[in-house]
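J.:
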Ligand SMILES: [Zn+2]
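In my numbering, the protein residues as written are 12 to 405.
Encoded structure:
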């Protein structure tokens, strides 16, 4: 897809680069100019700011590492976005519509194949073979409308295989790049997903880039969840399941809930909480957090009440530390053992879930509580946190 350069020029002059960078870095005013500590060298903790932002030209320049550019360059480098994602994010900040041009047919074979696969899986869900999956969704309280919104589907256990449907229409290389197929020792491709409830993963533009697949009944030596592998279009550490869908409901959500799984996002949506996202196929990463922070400053991280949840929450704290600023409100919701967001809201309802959010633990409280616990154990780590990082939060 190509964007007219006149639109890009207009976009660059419409956005406020100080505001955009200020959402991501702490800005200092010095001598009428805006400065920040450069995020691109020295790990962001250089002693004095050498990164200057030029309000009038909409550009930035670092006197340390010589990194410079405009708002598009900044977002690509800082947020890890591709060109189109940066354009779309900037346009959403200022309410401009990105001109839609006819997409060339082969913009990406892998995306076309994933898009087609999503259609096939929806058809297979509607077929008689999909009936047990529909029953399963009903038993989880998921309506047809919600299933449609998330484009849920089913991958057949037996024929026709996805490969037999798609291979006559697409190049072998593109089929391999799609992540939907494995290949055996003879080089024959087979369906990676069989007899699974299928969750298409869409990027911020709504393109189908990958799938998650869930078994709905126990099967020996098969994992309950299976995800597409890393591909050219699916970089797991950057992607958030449900972000595109949340933004269909509200382009600039005031808050976002971060949950652990696909079914949590869908279950919350079903019960009226339409602003949740999940990491897909990885533990929660700093890149994902950075992505969330480009849409909202209010984050609720919801963890299951088991030990794995506790560990994951501390990892989230460690990821968050370098990204925190005064205007970011990050809160933690800890569910009781055995609960997850999906089961909680199904049983107790939307109001109870919102109450949990109202009573959530703030980042600083959680940080101090945990550090104190570690300190009491008088570990080396405890005293380290006790004197250096901790002081900046008290
Ligand atoms: Zn620099």
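Beta carbons: idealized from backbone N, C-alpha and C, even for Gly. Treat the numbers as computed from the prediction; the structure is a model and nothing was measured.
In whole angstroms, what separates the C-alpha of residue 287 from that of residue 276?
T.: Translated into the one-based positions of the chain shown, residue 287 becomes position 276. Translated into the one-based positions of the chain shown, residue 276 becomes position 265. Approximately 6 angstroms, taken between the alpha carbons.
J.: Comparing C-alpha positions only, which one of 206, 83, 109 sits nearest to residue 140?
T.: Translated into positions along the chain shown, residue 140 becomes position 129. Taking only the C-alpha atoms, the option nearest residue 140 is 206.
J.: Pick out whichever of 204, 231, 249 has its Cα sitting closest to the Cα of residue 225.
T.: Stepping through the chain shown from its first residue, residue 225 is reached at position 214. Ranking the options by Cα distance to residue 225, first place goes to 204.
J.: Using three-state DSSP, classify residue 333 as helix, strand or coil.
T.: Indexing the chain shown from 1 puts residue 333 at position 322. In this structure, residue 333 counts as helix in the three-state DSSP scheme.
J.: Among residues of its own chain, excluding the 5 on either side of residue 154, which ones have a beta-carbon nearer than 7 angstroms to its beta-carbon?
T.: In the chain shown, the residue the question calls residue 154 occupies position 143. Contacts found: 281.
J.: Can you have a look at residue 324 and say buried or exposed, based on whether 16 or more other CB atoms are within 10 angstroms of its CB?
T.: Reading the chain shown from its first residue, position 313 is the one you call residue 324. Counting Cβ neighbours within 10 Å, residue 324 comes out buried, since at least 16 surround it.
J.: What are the partner residues of residue 314, as DSSP defines its beta bridges?
T.: On the chain shown, position 303 is the one that residue 314 refers to. In the DSSP output, where bridge partners are listed per residue, residue 314 has 345.
J.: Beta-carbon within less than 7 angstroms of residue 82's beta-carbon, same chain only, minus the 5 sequence neighbours each way: which residues are those?
T.: The residue labelled residue 82 in the question sits at position 71 within the chain shown. Only 23, 26, 28, 31, 69, 101 meet the Cβ criterion.
J.: Mark residue 192 as exposed unless 16 or more other C-beta atoms lie within 10 angstroms of its C-beta, in which case mark it buried.
T.: As a first step, residue 192 is located in the chain shown; it is residue number 181 there, counting from the start. By the neighbour-count rule (16 or more Cβ atoms within 10 Å), residue 192 is buried.
J.: Would you say residue 78 touches ligand 1, meaning its beta carbon is less than 6 angstroms from a heavy atom?
T.: Looking up residue 78 in the chain shown gives position 67. Checking the Cβ of residue 78 against ligand 1 gives yes.
J.: With distances taken from CA atoms, which of 42, 365, 333 is nearest residue 313?
T.: Taking the first residue of the chain shown as 1, we reach residue 313 at position 302. Out of 42, 365, 333, 365 has the C-alpha closest to the C-alpha of residue 313.
J.: Would you call residue 230 buried or exposed, if buried means 16 or more other Cβ atoms sit within 10 Å of its Cβ?
T.: In the chain shown, residue 230 corresponds to position 219, counting from 1. Exposed, by the Cβ-count rule.
J.: Helix, strand or coil for residue 199? Go by DSSP, reduced to three states.
T.: Indexing the chain shown from 1 puts residue 199 at position 188. Note: residue 199 maps to coil in three-state DSSP.
J.: Assign residue 161 to one of three DSSP states: helix, strand, or coil.
T.: Here residue 161 refers to the residue found at position 150 when the chain shown is read from its first residue. Three-state result, residue 161: coil.
J.: Ends of the alpha helix (DSSP H) at residue 413?
T.: The requested residue 413 is not part of the displayed model; the chain covers only 12 to 405.
J.: DSSP on residue 81, reduced to helix/strand/coil?
T.: Locating residue 81 in the chain shown gives position 70, where the first residue counts as 1. Three-state result, residue 81: strand.
J.: How would you call residue 8, buried or exposed, if buried means at least 16 neighbouring beta carbons within 10 angstroms?
T.: Shown here, the chain extends from 12 to 405; a query on residue 8 therefore has no answer.
J.: Residue 109 and residue 99 look like a contact to me (Cβ under 8 angstroms); what is the Cβ gap, rounded to whole Å?
T.: Position 98 of the chain shown, counting from 1, holds the residue named residue 109. Position 88 of the chain shown, counting from 1, holds the residue named residue 99. Contact flag correct, Cβ pair sits at about 6 angstroms.
J.: Using only the alpha-carbon positions, how far apart do residue 338 and residue 60 sit?
T.: As a working note, residue 338 is residue 327 in the chain shown. As a working note, residue 60 is residue 49 in the chain shown. Each residue's Cα considered, the two are about 20 angstroms apart.
J.: Hey, out of 132, 297, 253, whose CA is closest to residue 202's CA?
T.: Position 191 of the chain shown, counted from the first residue, corresponds to residue 202. Nearest of 132, 297, 253 to residue 202, Cα basis: 132.
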